[in-house]
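Student: Questions regarding the structure given below will be posed in turn.
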Amino acid sequence: MTRELPWKKPRAGQPVTGREVAASGEGAVGAGGDIAHAALGEQSTVEHTELRADGTGRIHQAGRDIHVHEHHHAPLPAAVQSALAPPPAVPAGFTGRSEELEELLDLLRPVADPEPVVVASVLGMGGMGKTTLALAVAHAAIERGLFSGVLFLDLHGYDDTTLDADQVLDAALRALGTDPERIPPGADQRAAYYRAQLAVREQAGERVLVLADNANAAEQVRHLVPGAGPHRLLVTSRDDFTAALGARLVDLDVLDPEQSVALMAAALRRTLPKDRRIVDDPDGAARVAELCGHLPLALQIAAAQLVAEKGLKPSRLADDMHDLGERLDVLEDGPRAVRAVLERSYKRLSLPHAELFRLLAVNPGPDLSTETAAAVTSISKLRDVRARLVALSKASLIRQDPDTGRWHMHDLVRAYAGEQAARHPAHTATALQRLLDHYTFTTHEAEARVNPVEHGVGVGQQFSGRAEALAWLAAERANLVAAVHTAHAAGRYETAQHLTSHLSFYLNLRRRLDDHLDIARIALAAAHDSRDPRGEASAWIELGLALQALRRFEEAEAAHRTALTQHQSLGDHQGEATARSNIGNVLWALRRFEEAEAAHRTTLSQYQALGDHHGEAVAWDDLGVVLQALRRFEEAEAAHRTALTRHQDLGDHHREATAWNNLGVVLQALRRFEEAEAAHRTALTRHQDLGDHHREAIAWNNLGTTLRSRGAMVEAIDAGERAVGLFENLDDRHRLGAASDELADTLLAAQRPAAEVRAMREASAAAYRACGAVEEAEKALSKADE
């Protein structure tokens with residue numbers, strides 16, 4: 006049984022157990038010299054350990070291996086032997102980390118009753134500026150009197166010459182002024198001696214900040230933890246082992262855009278004080294900072310490129326960095342290279358973690374879910390994938406969003422991962438195929454939940470309901486759009502077309518119109534490249550719809566007419582009817598109402614002949630809109646009521662809500678305001694339930710107009726303001742202009758101050774101008790002058 010004796014400070018020459026010295030962390034001054042210590046073996050039972058004041062000791066040890074030996078060690082320090090060397094200077098150009106600096110100073114501040122946690126850790130990927138920040142903290146801590154000295158240790162955790170625990174303690178003891186010949190062997194003995202050194206310095210009134218830079222594991226720094234008292238330990242690392250140390254974590258992220266440009270400017274001014282290239286080319290500098298991913302090391306290297314080539318402008322440097330595959334080649338400056346920094350982290354990964362790191366590079370979007378990572382790797386157990394992702398996160402090669410749980414790579418890390426993936430082409434190709442199949446299948450399932458009328462029973466079962474499907478589409482939108490491009494580039498033409506088809510309804514629902522146009526063009530190119538005439542005809546329809554939503558009506562008409570011709574040549578009557586229906590809608594938008602009516606009546610006949618009840622219901626509603634424009638309101642009402650009944654029978658709640666809204670507009674025109682209000686309120690509720698914010702805004706606007714006609718001014722103003730707010734949030738400038746003009750009419754009818762009415766007219770004109778509707782803008786301003 007190991008004996009634990011209560012600690013009592015010994016008198017000069019009094020024997021004392023090594024365990025007592027180690028436990029106390031103190032050395033006692035004797036008349037004949039200092040008191041030494043002995044380390045205790047972990048698998049032995051100590052009967053008695055004696056240390057003498059002359060520095061000699063004898064251990065009597067009992068257990069499975071019984072032996073007796075004598076040894077001599079360096080004595081524990083009786084007083085502070087030397088002042089600590091000042092820490093290295095803070096690298097020039099330190100900027101943008103004031104918040105983190107103050108946070109660390111606050112964590113490390115010695116207090117009267119210190120908390121148990123006396124360790125802080127700065128975490129971040131290579132090149133994040135961890136060492137620079139830590140040195141800035143060290144110098145600030147001395148300047149503010151928080152510490153009397155800094156013990157700086159470079160642990161070389163990511164070099165080939167990394168230090169083990171013994172070497173770390175050896176370096177620490179030497180830095181504390183210990184005679185190398187008196188440093189004991191073994192980590193445990195050195196750790197006890199290290200703590201005793203700190204204890205003596207505490208007695209002398211010193212407060213030491215131990216800065217362990219570039220640690221790669223808890224084992225490297227565990228013995229450096231100072232324990233209770235005024236001393237503190239600050240660790241920097243690319244690996245997260247804070248839990249093992251009980252440390253407070255400061256997770257360092259990239260700089261913001263303004264800080265990034267400031268860092269480059271400061272680095273350039275150090276060498277060329279009068280250089281104005283960054284000031285004179287702010288857009289180019291901002292692009293360089295963005296392409297560097299706002300990573301401090303990359304920014305420093307970019308600035309060095311400007312220093313080396315004095316005729317190089319930031320905009321030209323940004324052009325050189327545009328291609329992600331070549332960016333790492335640009336970001337090299339002699340001994341400094343982003344690729345080299347990342348390589349040192351990559352080489353430390355286990356084989357399974359390295360494989361996952363490479364495979365994550367096939368995802369073309371900005372982030373991914375754990376489920377998607379599992380699909381890429383084909384690992385069946387989600388918890389196994391999550392464990393590997395966490396390991397990559399602890400190595401600072403990926404980060405997890407704490408709110409969404411999604412994982413993302415820094416762009417430069419992605420570039421490096423892509424280089425490594427290219428060295429394993431077969432595995433990478435298989436992973437890409439799995440990824441695209443996963444995205445295609447899941448997007449189809451999500452679309453089936455969001456737009457169920459277009460799909461059969463049993464589809465969309467992967468999602469519990471519409472809300473879950475919409476949430477998945479929102480989270481994956483950027484990935485899915487990028488996947489369309491990747492599929493086309495990889496020769497997966499059918500996948501590019503299918504993804505576009507499944508995604509378009511959602512993109513229009515959420516007014517992601519530029520994304521819709523983007524992938525519609527890719528789908529058309531994919532159909533053309535694969536020599537698929539039927540797919541090409543469908544892609545022309547998709548492109549026409551995207552252009553139509555962007556109010557590029559002439560181009561939309563041309564696209565739809567091309568689709569019509571191609572479907573006719575294929576004998577595809579269903580596709581022909583769809584194309585003609587879209588042409589009718591474009592003609593209505595171009596105010597060619599008679600042509601639009603003819604197109605919709607032909608479409609209606611075609612759908613009836615085909616027995617397509619859904620298409621027929623849509624055609625009735627579209628025809629009713631054109632009849633409204635022709636002021637044939639009774640016919641329009643009949644058309645909308647027919648459409649409404651058909652959509653209700655089919656269970657198409659989305660188009661039913663649209664039919665209610667269109668019917669309400671006709672009832673307004675017929676001055677049946679109570680019925681119109683009821684219709685618009687029904688449409689409003691339906692669209693809110695469906696999460697269709699754009700059509701909700703349309704319903705609010707129409708409801709406001711109806712309420713104004715009924716004299717309910719307070720409610721009318723509220724409805725108009727809701728419409729304006731939604732259109733503004735959705736960035737629909739044209740409808741925002743129209744809604745603002747309607748709200749101005751309501752304010753005028755409510756006899757609100759003239760200045761308020763005029764301000765709304767001017768807001769209407771500004772919105773119209775923003776989308777190029779000059780004529781409408783002038784009309785709004787002319788009303789303001791009345």
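In this text, residue positions in the sequence shown follow the numbering used here: the first is 6, and each later residue adds one.
Think of the CB as a built atom: it goes at the ideal place given N, C-alpha and C, for glycine as much as any other residue.
On the criterion of 16 or more Cβ atoms from any shown chain inside 10 Å, does K135 qualify as buried, or is it exposed?
Tutor: Residue mapping note: residue 135 aligns to position 130 of the sequence shown, counting from 1. Buried: at least 16 other Cβ atoms inside 10 Å.
Student: Hey, L89 and L158: beta-carbon distance below 8 Å or not?
Tutor: On the sequence shown, position 84 is the one that residue 89 refers to. On the sequence shown, position 153 is the one that residue 158 refers to. Not closer than 8 Å, so no.
Student: Would you say the stretch 233 to 246 touches the stretch 200 to 213, given that touching needs at least three Cβ pairs under 8 Å?
Tutor: yes
Student: Any idea what DSSP makes of L731, helix, strand or coil?
Tutor: Looking up residue 731 in the sequence shown gives position 726. The answer is helix: DSSP assigns L731 an H, G or I state.
Student: For D159, list the residues DSSP reports as bridge partners.
Tutor: Within the sequence shown, residue 159 is the residue found at index 154, counting from 1. D218.
Student: Just to confirm, is the Cβ distance from L649 to E661 under 8 Å?
Tutor: Looking up residue 649 in the sequence shown gives position 644. Looking up residue 661 in the sequence shown gives position 656. Against a cut-off of 8 Å, the Cβ pair of E661 and L649 comes out as a contact.
Student: Is the distance from the Cβ of Y198 to the Cβ of L178 below 8 Å?
Tutor: As a first step, residue 198 is located in the sequence shown; it is residue number 193 there, counting from the start. As a first step, residue 178 is located in the sequence shown; it is residue number 173 there, counting from the start. Going by C-beta atoms, Y198 is nearer than 8 Å to L178.
Student: State the DSSP-derived secondary structure class of Q467, mapped to helix, strand or coil.
Tutor: By 1-based counting over the sequence shown, the position of residue 467 is 462. Correct three-state label for Q467: coil.
Student: Once the 5 residues before and after G286 are set aside, which same chain residues still bring their CB inside 7 Å of it?
Tutor: On the sequence shown, residue 286 is found 281 positions in, with the first residue counted as 1. A quick correction: the sequence has Asp, not Gly, at residue 286. Counting only Cβ-Cβ distances below 7 Å, and skipping sequence neighbours, we find K318, P319 and S320.
Student: Using DSSP's beta-bridge definition, name the partner residues of Q288.
Tutor: In the sequence shown, residue 288 corresponds to position 283, counting from 1. Per the sequence presented here, residue 288 reads as Asp, with Gln not at that position. D288 is not bridged to any residue.
Student: Hey, would you say A604 sits closer than 8 Å to L615, going by beta carbons?
Tutor: Along the sequence shown, one-based indexing puts residue 604 at 599. Along the sequence shown, one-based indexing puts residue 615 at 610. No, these two residues do not count as a Cβ contact at 8 Å.
Student: From P92, E107, P93 and L138, pick the residue whose C-alpha is nearest to that of F99; which is it?
Tutor: Start at 1 with the first residue of the sequence shown, and residue 99 comes out as number 94. If we check each option's Cα against that of F99, L138 comes out closest.
Student: Identify the continuous beta strand (DSSP E) that holds V255 and give its terminal residues.
Tutor: Working through the sequence shown from its first residue, we reach residue 255 at position 250. That run of the beta strand (DSSP E) goes R253 to D256.
Student: Helix, strand or coil, according to DSSP, for A474 in the structure here?
Tutor: Here the question's residue 474 lines up with position 469 in the sequence shown. Helix.
Student: Can you say whether Q756 is buried or exposed, counting buried as having 16 or more other CB atoms within 10 angstroms of its CB?
Tutor: What you label residue 756 is simply residue 751 of the sequence shown in a count that begins at 1. By the 10 Å Cβ count, Q756 comes out exposed.
Student: Thinking just about the alpha-carbon of each residue, which of D258, R353 and L304 is nearest to the one in L273?
Tutor: Counted from its first residue, the sequence shown places residue 273 at position 268. That would be L304, whose Cα lies nearest to the Cα of L273.
Student: Assuming contact is defined by CB atoms lying nearer than 8 Å, are L628 and E602 in contact in what I supplied?
Tutor: Numbered from 1 along the sequence shown, position 623 holds the residue referred to as residue 628. Numbered from 1 along the sequence shown, position 597 holds the residue referred to as residue 602. Cβ distance < 8 Å, so L628 and E602 count as in contact.
Student: Give the C-beta separation of A525 and L548 to the nearest angstrom, bearing in mind that I take them to be a contact with Cβ-Cβ under 8 Å.
Tutor: Position 520 of the sequence shown, counted from the start, is the residue given in the question as residue 525. Position 543 of the sequence shown, counted from the start, is the residue given in the question as residue 548. Confirmed, about 4 Å.
Student: State yes or no: is the C-beta of G470 within less than 8 Å of the C-beta of R454?
Tutor: Working through the sequence shown from its first residue, we reach residue 470 at position 465. Working through the sequence shown from its first residue, we reach residue 454 at position 449. Yes, these two residues count as a Cβ contact at 8 Å.
Student: Take the Cβ of P4 as the centre, count every other Cβ of all protein chains shown within 10 Å, and call the residue buried at 16 or more, exposed below.
Tutor: Here the chain covers residues 6 to 791 and nothing more, so residue 4 does not appear.
Student: Which residues mark the beginning and the end of the beta strand (DSSP E) in which S509 is found?
Tutor: Taking the first residue of the sequence shown as 1, we reach residue 509 at position 504. Unbroken run through S509 is the alpha helix (DSSP H), Y498 to L514; no beta strand (DSSP E).
Student: Taking buried to mean at least 16 other C-beta atoms within 10 Å of its own C-beta, is E679 buried or exposed?
Tutor: Counted from its first residue, the sequence shown places residue 679 at position 674. Classification of E679: exposed, given that the 10 Å Cβ count is below 16.
Student: Indicate whether the contact test is met: 3 or more Cβ pairs, each with one atom in the stretch 549 to 556 and one in the stretch 490 to 501, closer than 8 Å.
Tutor: no
Student: With hydrogens ignored, establish whether the beta-carbon of A379 is closer than 7 Å to any heavy atom of the ligand FMN.
Tutor: Only the bare structure without any ligand can be found here, which leaves the ligand FMN out of the picture.
Student: Near A501, what residues of its chain come up, given a Cβ to Cβ distance below 7 Å and the 5 sequence neighbours on each side ignored?
Tutor: Position 496 of the sequence shown, counting from 1, holds the residue named residue 501. V489, A492, H493, I527, A528 and A531, listed in sequence order.
Student: Since I believe S126 is in contact with V240 (beta carbons under 8 Å), could you give me their beta-carbon distance rounded to a whole number of angstroms?
Tutor: Position 235 of the sequence shown holds residue 240. Position 121 of the sequence shown holds residue 126. Going by Cβ atoms, the distance from V240 to S126 rounds to 5 Å, so yes, they are a contact pair.
Student: Quick check: the Cα distance between G777 and E314, rounded to an integer number of angstroms?
Tutor: Counted from its first residue, the sequence shown places residue 777 at position 772. Counted from its first residue, the sequence shown places residue 314 at position 309. Roughly 43 Å separates the two Cα atoms.
Student: By DSSP, does S49 sit in helix, in strand, or in coil?
Tutor: In the sequence shown, residue 49 corresponds to position 44, counting from 1. Because the pLDDT of S49 is 34, which lies under 50, any placement of that residue in the model is unreliable, and the number read from its coordinates should be weighed accordingly. Coil, per DSSP.
Student: Taking the C-alpha atoms as reference points, what is the distance between H533 and L417?
Tutor: Taking the first residue of the sequence shown as position 1, residue 533 is located at position 528. Taking the first residue of the sequence shown as position 1, residue 417 is located at position 412. Looking at the two C-alpha atoms, the distance is approximately 34 Å.
Student: By how many angstroms is the C-alpha of L441 removed from the C-alpha of D244?
Tutor: If you number the sequence shown from 1, residue 244 lands on position 239. If you number the sequence shown from 1, residue 441 lands on position 436. Going by the C-alpha atoms only, they are around 32 Å apart.
Student: Check whether the stretch 376 to 385 touches the stretch 356 to 368, taking contact to mean three or more Cβ pairs, one atom from each stretch, closer than 8 Å.
Tutor: The stretch 376 to 385 is in contact with the stretch 356 to 368.
Student: Output needed for V173: all residues of its chain with C-beta closer than 8 Å, excluding positions within five of it in sequence on either side, in chain order.
Tutor: Reading the sequence shown from its first residue, position 168 is the one you call residue 173. Excluding sequence neighbours, V173 sits near L158, L160, A217, Q225, V226, H228 and L229.
Student: Quick one: using the 10 Å Cβ neighbour count with 16 as the cut-off for buried, is T447 buried or exposed?
Tutor: By 1-based counting over the sequence shown, the position of residue 447 is 442. Under this definition T447 is a buried residue.
Student: With distances taken between CB atoms, is the gap from A644 to L635 smaller than 8 Å?
Tutor: One-based indexing of the sequence shown puts residue 644 at position 639. One-based indexing of the sequence shown puts residue 635 at position 630. It is not a contact, given that the beta carbons lie outside the stated cut-off.
Student: Where does Q579 sit, in a helix, a strand or coil, going by DSSP?
Tutor: In the sequence shown, the residue the question calls residue 579 occupies position 574. It is helical.
Student: Under three-state DSSP, which class holds V226?
Tutor: Counting from one through the sequence shown, the residue named residue 226 turns up at place 221. If DSSP states are grouped into helix, strand and coil, V226 belongs with the helices.
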